[in-house]
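Numbers given in this note's numbering equal positions in the sequence shown, counted from 1, plus 12.
All C-beta atoms, glycine included, are put in the ideal place defined by N, C-alpha and C.
Just below is one structure, and these are the notes that go with it.
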Amino acid sequence: MDWKLTATTLFCDTVKKWVPIMVYKDGKTNCGYYYRHQVVTKENPAGFACHGPQGCSLCEAYKQDVFSRRG
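This is how it looks when you write it as structure tokens:
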């Protein structure tokens with residue numbers, strides 16, 4: 013399979029919104045919601061419950077799903 017990234021939209025219980033999750037071929041993950049709202053995190057970290065894709069159970073679960081389907 014020749015691919016660069018795959019993405020889906022999943023419901024995030026942390027922010028209570030549907031968020032785009034991306035998984036790259038090299039195993040890196042990104043959350044579109046986090047990157048769009050990370051300015052809020054820097055200005056008021058206590059007011060934003062999301063800590064980014066590193067350590068995010070939703071991102072990790074989707075990454076595991078993607079790589080388990082690779083044959």
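Spatial neighbours of Leu17 in its own chain (CB-CB distance under 8 Å, excluding positions within 5 residues in sequence) are listed in chain order as Met34, Val35, Tyr36 and Lys37. Close CB contacts of Val27 within its chain, under the 7 Å cut and outside five residues either way in sequence, are with Tyr45, Ala61 and Cys62 (chain order). The three-state secondary structure of Val27, taken from DSSP, is coil.
Beta-bridge annotation (DSSP): Leu17 is paired with Tyr36.
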